[in-house]
Each structure stands twice: as structure tokens, then as C-alpha cells.
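Below is one structure, written out as C-alpha cells; comments come after it.
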Ligand code: TXA
Ligand code: MG
């Protein structure tokens, strides 16, 4: 398949109209979008990514008025989160509208909904005129793409169009919050922090992945975010000195920086999150064998960052 690469949201939207899938920038990571009401287009997402069909998709909207097409009801807790965090890196899991295909929700009666804040994403969604279901625009199992070049590397020839933008700001995916239960539960940590959510809803919990009775985020069972290199989580200041072809990313300088082929020192957890997936991809291009990643405290963005680091290390 020929892949059109464009800076024009209106050109990209034309591919959606024709039932194709389009990669587009958001403030978290690049997404791979399809018309939520077109089952053939949704099938193309799973095919292009090699994504298991039991992993549900997030629906993206440009306007709050589009929510009615997607969800059956908006519980009061969800309404508060919408007022506080939409548009932004937050996905709310809500009871789905009966017209939404079970293909999009992987058979669930709920749907994840998010309104991106990225200006190009919003222009594109407005030009499409329909909500778009969109997973991250990577091949399944690879790190989520934070640049359009990363999308091209994974999906060129497999999708109809890439809408170009800059490197994404957050660098990790949205926070997924289940709003269908007694209390809001974080199914996946992400761009909106637990502390931020609790300023609005103090009862917000982190879902227990082991709890069989709790609603889960099916995607969390899959290997994710992994570069080809082995990822080793290191706890400062204890640190093993690397053998060969190693890289390091963290907040503190490693003991012997000259021993590494590639080193990145980040100012804070936000910058670390912003850089991580791109760093993984650059390491793979260099043929790095082991990536040492410094562990961080699990407050603020540290919670989502440590989630991704653990998955990359243990995947
Ligand atoms: O930042 C993001 O969320 C990006 C951009 C493109 O918006 N999208 C993204 O999508 O990360 P994806 O498909 O890579 O991850 C979606 C996650 C998966 O873990 C999935 O299981 C969960 O959200 N999810 C989606 N719908 C759900 C539902 N109805 N119930 C529970 N979990 C759901
Ligand atoms: Mg993904």
C-alpha cells in the first residue's frame, strides 16, 4: 500500500472518509485512527498493527457534544473529570452506546473516550467530523511512537496516511480511568497523575491487576513498550557497570558514563517520560544490547514512567 505523508489535516481526513486508517499526532503519543462507525476501517487498525483483537480501542473526540454518540451515560464522577481534564491526556472508561461496534471495544460493554488537546489532533478530528478509535500507532509490542518518523518506521506501506506533527509533548500514553464502578480506578497510569485526579476525586484508586473481580484494562496483559535491547532497571546509587554495547537513561549521571555508547540525563520525571520511547528506538537503531534505566520515585509522572519501565524490563 502507498502511504501518503502530509501536514494537512484536511487531506488526512479525506482518507478517513474513504474508510482508511490514518496516523496522527496527539499530546501523548501518535495514534492510528479509524472512523468509529466503520467496522471495515476498524479491522484495518488491528491488521496494520498486528494487534490482538481482544484489546479494546480508545475513541477520540474533538467536541464534548460527540460524547452522546459514544456513551450511554456519564456518571457524576466522570462529569467532574471531564470538566477538569478534557481536553488532555486522560481516557475515561464509560458504558458504551448501543450503536458502538463490539469490534472497537473488543466485546466489552464499555468504551474508553478521550479528547486530545493537541492542536493538530483537534483540527484533524474536526475535519473528520466523526469520533476516531485510535490505539498507539506502533506495531504491536513496539514502543509507542512519539515522532512521525517512528510511525513511518513501523507502519510505512501498511497504512494509507501519516499526518505529520512534532515530537509529542508527554511521551507516554494517556491515563485510563474506569468510571463504571463504585470508585474511579486507574487502569493505566499516564499523562494525568494520580495526585491531579485526587484533587478532583479524592477517592480515586489504582486498580489491582491481581484482583479478578476488578474491571481490568485488557491491554495491560500484553508485552508492551519494549525495545529489542534488554532493559535493566537500576536503583541509584547501586549500579552494575555495563559490559559492552550499553546505553543509560536516568536522572543521575551513571558511575562511568564513558562506558556507555549512549547516555541521556533527564532534568525530572517529565523530561524522562518525554524522552523514553524515542530513546528506546534510537538504541535499537544503534544496535545497543542493554539499556540501563534508572528507577524513579512513583509520585507525579513517576508512577506512569515506572509502569512503562517495569513492563519494558520484564516483558
Ligand atoms: O495516549 C493514548 O491513550 C494513546 C493516544 C493515541 O490517544 N492511545 C493508546 O491506545 O495508548 P492503546 O490502544 O495503545 O492503549 C489503550 C489502552 C489499552 O491498555 C486498553 O486495554 C485500554 O486502554 N482500554 C481501552 N478501552 C478500554 C475499555 N473499554 N475498558 C478497559 N480498558 C480499555
Ligand atoms: Mg499501545
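Residue numbers (the numbering used here): 196 to 510. Where is the CB? At the ideal position from N, CA and C, for every residue including glycine. Remember, predicted model here, so these are calculated numbers, not experimental data.
Where the alpha helix (DSSP H) through residue i begins and ends
{"i": "residue 175", "result": "The structure shown does not extend to residue 175, since the chain is modelled only from 196 to 510, so the question has no answer here."}
{"i": "residue 467", "result": "464-481"}
{"i": "residue 497", "result": "497-509"}
{"i": "residue 347", "result": "343-350"}
{"i": "residue 239", "result": "234-244"}
{"i": "residue 277", "result": "271-280"}
{"i": "residue 391", "result": "389-395"}
Check: residue i C-beta below 7 Å from any heavy atom of the ligand TXA
{"i": "residue 283", "result": "no"}
{"i": "residue 252", "result": "yes"}
{"i": "residue 302", "result": "no"}
{"i": "residue 248", "result": "no"}
{"i": "residue 294", "result": "no"}
{"i": "residue 265", "result": "no"}
{"i": "residue 203", "result": "no"}
{"i": "residue 238", "result": "no"}
{"i": "residue 226", "result": "yes"}
{"i": "residue 382", "result": "yes"}
{"i": "residue 255", "result": "yes"}
DSSP beta-bridge partners of residue i
{"i": "residue 443", "result": "458 and 487"}
{"i": "residue 203", "result": "Per DSSP, none; premise fails for residue 203."}
{"i": "residue 229", "result": "328"}
{"i": "residue 358", "result": "201"}
{"i": "residue 219", "result": "226"}
{"i": "residue 290", "result": "305"}
{"i": "residue 266", "result": "291"}
{"i": "residue 255", "result": "309 and 327"}
{"i": "residue 285", "result": "370"}
Residue i CB to nearest heavy atom of the ligand MG below 7 Å
{"i": "residue 369", "result": "no"}
{"i": "residue 338", "result": "no"}
{"i": "residue 330", "result": "yes"}
Supposed close pair residue i, residue j - CB separation, criterion 8 Å
{"i": "residue 346", "j": "residue 237", "result": "Rounded, the Cβ-Cβ distance is 19 Å, inconsistent with contact."}
{"i": "residue 525", "j": "residue 266", "result": "Residue 525 lies beyond the residue range present for the chain, which begins at 196 and ends at 510; the question has no answer from this structure."}
{"i": "residue 255", "j": "residue 320", "result": "6 Å"}
{"i": "residue 396", "j": "residue 276", "result": "7 Å"}
{"i": "residue 241", "j": "residue 228", "result": "Their Cβ separation, rounded to whole angstroms, is 13 Å, which puts residue 241 and residue 228 out of contact at 8 Å."}
Residue interval of the beta strand (DSSP E) (run including residue i)
{"i": "residue 399", "result": "Per DSSP, residue 399 belongs to no beta strand (DSSP E) and is neither H nor E."}
{"i": "residue 428", "result": "425-429"}
{"i": "residue 383", "result": "380-383"}
{"i": "residue 373", "result": "370-373"}
message: Count Cβ pairs between the region 382-400 and the region 232-244 that sit closer than 8 Å; are there 3 or more?
response: no
Just checking, does the region 245-262 make contact with the region 310-321 on the three C-beta pairs under 8 Å criterion?
yes
Margin query: Any contact between the region 337-350 and the region 472-480? By contact I mean 3 or more CB pairs, one from each, below 8 Å.
Written below: yes
Practice prompt. Examine the Cβ distances between the region 345-358 and the region 209-223 and report whether three or more of them are shorter than 8 Å.
Written response: yes
Review point. Is the number of C-beta pairs between the region 438-446 and the region 292-309 that are closer than 8 Å three or more?
Key: no
- Task: Examine the Cβ distances between the region 377-386 and the region 484-501 and report whether three or more of them are shorter than 8 Å.
- Result: yes
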